[in-house]
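Read in order, the letters of the sequence shown are residues 3 to 71 in the working numbering.
As structure tokens, the structure follows; a few thoughts come after it.
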Amino acid sequence: MEYYEEYVTVNTRKGNRRLTNSLKQFRNFIKADFIAPIDISENFCKCFRQYLLDNFTGETPLNYYSRFK
């Protein structure tokens, strides 16, 4: 989680909310402030992708997931 937060802080550009919103949705998905790297498996990533598809429409799920990857 710390790595993701730092990445967002360093790479967010003015007017571009995708990274920030991607992190926000990731936090909503895991419902915790911390997740161990070992817990982020291929299946976990697929579940996060499905969460985004279930909650957003259009290109938003793809945009958020691509920032997560």
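All C-beta atoms, glycine included, are put in the ideal place defined by N, C-alpha and C.
The three-state reading of DSSP puts arginine 19 in coil, since its state is none of H, G, I, E or B. Approximately 6 Å separates the beta-carbon atoms of asparagine 23 and tyrosine 66; this is inside 8 Å, confirming the contact. In this chain, the alpha helix (DSSP H) harbouring glutamate 8 covers 4-13. Cβ atoms of phenylalanine 28 and phenylalanine 70 come within 8 Å of each other, at about 6 Å. Short of 7 Å from the beta carbon of leucine 25, and not among the five residues preceding or following it, lie these beta carbons of its own chain, in chain order: Tyr6, Glu7, Val10.
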